[in-house]
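Engineer:
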């Protein structure tokens, strides 16, 4: 997984707002691995073939399967919808796929197609093992839907669009205090870069300030998971001290 870092500066009135934009990968698939009381946990593994159990597989096998079988919906193409689709799901102890949830949606047509193909991978999984026994396993996968041709051009366009919406959202939030408009810009940015930690944190602030506490907690949990931070970086924290969401986030971290 590749990481891209770009420093973004926002100068507004008397404040120079500096943020580091973390852009983490266009294609990502991951699963948490844990150890409890020295019991080995082996995550579920995609085999690509029904009922076939193999030793080790390339981590890109699932993404290749998705690329080979997903059809870019014509409706999405006509509307020029593109971005990075992210879904979570559970691989059961029997190797079946269930509880598919779209975490980052490009558009409803792509959601439907993504889910359709993910469902076809049931029985193509080697179940997770814990202490030698099969168990359910949580997985997450993403795929880029692009109308820009090459991977290099896609990356360039996605970073540009995410950065532009990030800057506009930050100005709306921190300078103009227009929370709902800020959230719309952050939503657009996250469509392209769903693993950007600061985008998730700031959208969480907007969600909390507009009464969507559940959505805020989802964003903040992903922020902590991706960035490794329990509190936002110094410059960002300083600019957010006047928001109720900032105190709520600190309370959430202290209760963990």
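In my numbering, the protein residues as written are 3 to 258. Glycine residues also receive a C-beta, built at the ideal position from the N, C-alpha and C atoms.
(1) Would you report the Cα separation of residue 199 and residue 81, rounded to the nearest angstrom?
(2) Ends of the alpha helix (DSSP H) at residue 208?
(3) Per DSSP, residue 238 forms a beta bridge with which residues?
(4) Based on Cα-Cα distance, which residue from 135, 141, 112 and 110 lies nearest to residue 123?
(5) For residue 92, report the span of its beta strand (DSSP E) as first-last.
(6) Taking 7 Å as the limit between beta carbons, can you name the residues of its chain near residue 222, skipping five residues before and five after?
(7) Measure the C-alpha to C-alpha separation of residue 186 and residue 171 and round it to an integer number of angstroms.
(8) Beta-carbon separation of residue 183 and residue 167 under 8 Å?
(9) Could you tell me which of 177, 176, 248 and 195 sits nearest to residue 210, measuring between CA atoms?
(10) Excluding five sequence neighbours on each side, which residues of the same chain lie with their C-beta closer than 7 Å to the C-beta of residue 115?
(11) Give every residue of the same chain whose Cβ lies closer than 7 Å to the Cβ of residue 232, excluding the five residues on either side of it in the sequence, and list them in chain order.
(12) Can you tell me whether residue 128 is buried or exposed? The criterion is at least 16 other CB atoms within 10 Å of its CB, across all chains shown.
(13) Can you tell me whether residue 99 is helix, strand or coil according to DSSP?
(14) Do the CB positions of residue 97 and residue 125 come within less than 8 Å of each other?
(15) What residue range is occupied by the uninterrupted beta strand (DSSP E) comprising residue 146?
(16) Roughly how many angstroms separate the alpha carbons of residue 150 and residue 79, rounded to a whole number?
(17) At the level of alpha carbons, what is the spacing between residue 243 and residue 109?
(18) Spatial neighbours of residue 239 within its chain, please: CB distance less than 8 Å, with the 5 preceding and 5 following residues excluded, ordered by chain position.
(19) Quick one: give me the first and last residue of the alpha helix (DSSP H) that residue 243 is part of.
(20) Quick check: what's the CA-CA separation for residue 92 versus residue 228?
(21) DSSP three-state label for residue 182, please.
(22) Flag this pair as yes or no: are the beta carbons of residue 261 and residue 147 separated by less than 8 Å?
(23) How many whole angstroms separate the CB atoms of residue 121 and residue 106, which I take to be in contact at a CB cut-off of 8 Å?
(24) From the DSSP output, in three-state form, read off residue 82 for me.
(25) If we ignore side chains and look at the alpha-carbon of each, how far apart do residue 218 and residue 163 end up?
(26) From the DSSP secondary-structure annotation, give me the bridge partner or partners of residue 130.
(27) Count the other CB atoms within 10 Å of the CB of residue 144; is the residue buried (16 or more) or exposed (fewer)?
Structural biologist: Short version:
(1) In a straight line, the C-alpha of residue 199 is about 28 Å away from that of residue 81.
(2) 199-211
(3) Paired residues: none, contrary to the question.
(4) 141
(5) Start and end: 85-93.
(6) 203, 206, 251 and 254
(7) Roughly 8 Å separates the two Cα atoms.
(8) Contact: no.
(9) 248
(10) 72, 73 and 75
(11) In chain order, 226 and 255 place their CB closer than 7 Å to the CB of residue 232, counting only its own chain and leaving out the 5 sequence neighbours on each side.
(12) buried
(13) strand
(14) yes
(15) 139-147
(16) 11 Å
(17) For residue 243 and residue 109, the distance between alpha carbons rounds to 34 Å.
(18) Taken in chain order, the residues that qualify are 233 and 248.
(19) Run containing residue 243: none; DSSP gives neither H nor E here.
(20) 20 Å
(21) In the three-state reduction of the DSSP assignment, residue 182 falls in the helix class.
(22) Summary: the structure shown does not reach residue 261, with the chain confined to residues 3 through 258, and so no result is reported for it.
(23) Not really, about 19 Å apart at Cβ, beyond 8 Å.
(24) Here residue 82 sits in coil by DSSP.
(25) 23 Å
(26) 137
(27) buried
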